[in-house]
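Enquirer:
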Amino acid sequence: MSILHTTQLNKEYQMGEVTVHALRGVDFVVNKGEFIAIMGASGSGKSTLLHLLGGLDSPSDGEVTLAGKHLAQLNDNDLTIIRRREIGFIFQFFNLLPTLSAAENIALPLLIDGKRIEDYSAKVDELLTLVGLADRKNHRPHQLSGGQQQRVAIARALVTDPTIILADEPTGNLDSASGGEILKILRRACNEKEQTIVMVTHDNQAAQYADRVIRLKDGRVDYNP
Ligand SMILES: Nc1ncnc2c1ncn2[C@@H]1O[C@H](COP(=O)(O)OP(=O)(O)OP(=O)(O)O)[C@@H](O)[C@H]1O
Ligand SMILES: [Mg+2]
34 MSILHTTQLN KEYQMGEVTV HALRGVDFVV NKGEFIAIMG ASGSGKSTLL
84 HLLGGLDSPS DGEVTLAGKH LAQLNDNDLT IIRRREIGFI FQFFNLLPTL
134 SAAENIALPL LIDGKRIEDY SAKVDELLTL VGLADRKNHR PHQLSGGQQQ
184 RVAIARALVT DPTIILADEP TGNLDSASGG EILKILRRAC NEKEQTIVMV
234 THDNQAAQYA DRVIRLKDGR VDYNP
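Now the structure itself:
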């Protein structure tokens with residue numbers, strides 16, 4: 034079942050006189066429960082594509098359809114709600130709030146969505162266990178290693194049970210052992226929770242955890258099995 038698809042996605046950036054064609058007619062489909070890796074050289078358009086998939090930026094042309102909704106047709110308010118409830122973002126730099134504990138960082142998307150976080154303490158504990166941090170619940174980000182911080186970020190992305198997780202180089206800032214842990218957790222979320230994941234990576238090793246690899250070259254899909 035398709036959960037996300039793009040049709041003829043184009044993105045141009047106008048830099049004074051120069052037009053940068055970051056994406057040129059990208060078509061692809063993501064099915065429910067799939068773990069997809071997007072690969073390609075630096076500048077090939079990977080981050081641009083991920084931003085469009087997540088509604089963080091809008092295409093110059095073409096369409097992104099997520100869970101049956103055309104993102105371009107949504108107003109700002111609806112788009113904000115979709116981003117909050119349907120999409121979990123994981124970035125290369127973990128983007129945790131420094132004054133909050135691991136558990137509070139994980140619960141943050143619920144708080145922002147107006148939920149009573151007291152109702153979700155079991156859920157937060159379950160996610161802390163999933164990412165192997167049950168004994169780091171009250172640690173602040175600066176008291177955690179980089180790999181542990183990224184695991185908090187993964188739990189935070191999962192807490193809303195999003196339709197899709199979008200991850201941009203989630204292991205890019207980690208050593209290979211910590212990176213491997215992150216990839217195993219993502220793989221487990223896919224296997225056990227049928228979590229759909231789209232992950233941008235440079236790393237062939239990382240891509241091996243995915244079900245399918247899509248390659249971008251100069252803003253086009255170069256290889257899509
Ligand atoms: N905000 C922007 N304004 C202008 N040009 C941009 C902008 N963002 C990206 N670009 C250009 O679009 C192209 C694609 O960039 P993008 O960041 O998507 O590449 P990438 O594949 O993620 O590269 P990397 O592997 O280095 O992260 C590049 O040529 C880049 O210079
Ligand atoms: Mg990038």
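According to this note's numbering, the stretch in the sequence shown is residues 34 to 258, in order. The beta-carbon is built from N, C-alpha and C at its ideal position, and this holds for glycine as well.
When the Cα atoms are used, what is the spatial distance from R221 to P92?
Expert: 32 Å
Enquirer: Name the two residues that bound the continuous beta strand (DSSP E) containing I150.
Expert: Where I150 is concerned, there is no enclosing beta strand (DSSP E), given that its DSSP letter is neither H nor E.
Enquirer: Does DSSP put K170 in a helix, in a strand, or in coil?
Expert: Note: K170 maps to coil in three-state DSSP.
Enquirer: Can you tell me which of R184, S75, V97, E67 puts its alpha carbon nearest to the alpha carbon of G58?
Expert: V97
Enquirer: Here's a check: name, in chain order, each residue in its chain whose Cβ is nearer than 6 Å to the Cβ of F68, leaving out the five neighbours to either side.
Expert: Annotation for F68: C223, I230, A243, D244 place their beta carbon closer than 6 Å to its own, counting only its chain and skipping 5 residues before and after.
Enquirer: Can M232 be considered in contact with ligand 1, in the sense that its beta carbon sits closer than 7 Å to one or more heavy atoms?
Expert: no
Enquirer: Distance check for A186 and N341, CA to CA, integer angstroms please.
Expert: Absent from the model: residue 341. The displayed extent of the chain is 34 to 258, so no value can be given.
Enquirer: What three-state label does DSSP hand S21 in the structure shown?
Expert: The structure shown does not extend to residue 21, since the chain is modelled only from 34 to 258, so the question has no answer here.
Enquirer: Measuring CA to CA, which of Y46, L216, K79, S35 is closest to K65?
Expert: S35
Enquirer: Just to confirm, is the Cβ distance from S81 to D60 under 8 Å?
Expert: According to the sequence displayed, residue 81 carries Thr and not Ser. Against a cut-off of 8 Å, the Cβ pair of D60 and T81 comes out as no contact.
Enquirer: Does the Cβ of P131 have 16 or more other Cβ atoms within 10 Å, making it buried, or fewer, making it exposed?
Expert: So P131 ends up on the exposed side.
Enquirer: So which residues touch the region around ligand 1, with touch meaning a C-beta under 5 Å from any heavy atom?
Expert: Listed by chain position, these are Y46, V53, A55, S75, G76, S77, G78, K79, S80, T81.
Enquirer: How about D146: is its Cβ closer than 7 Å to a heavy atom in ligand 2?
Expert: no
Enquirer: Hey, quick one: how far does the beta strand (DSSP E) through T229 stretch, first residue to last?
Expert: 229–233
Enquirer: For K65, name the three-state secondary structure that DSSP assigns.
Expert: coil
Enquirer: Run the CB neighbour count on I145, radius 10 Å, all protein chains shown included, and call it buried at 16 or more, exposed below.
Expert: exposed
Enquirer: Between the region 167–187 and the region 140–156, can you find at least three pairs of beta-carbon atoms closer than 8 Å?
Expert: no
Enquirer: For L216, I'd like the list of residues in its chain whose CB is within less than 7 Å of its CB, leaving aside the five on either flank, ordered along the chain.
Expert: T204, A239, Y242
Enquirer: Report the CB separation of T196 from L85 in whole angstroms; it is logged as a contact under 8 Å.
Expert: The pair is not a contact, with the Cβ atoms about 16 Å apart (cut-off 8 Å).
Enquirer: Could you spell out the range, first to last residue, of the alpha helix (DSSP H) harbouring L191?
Expert: 179–191
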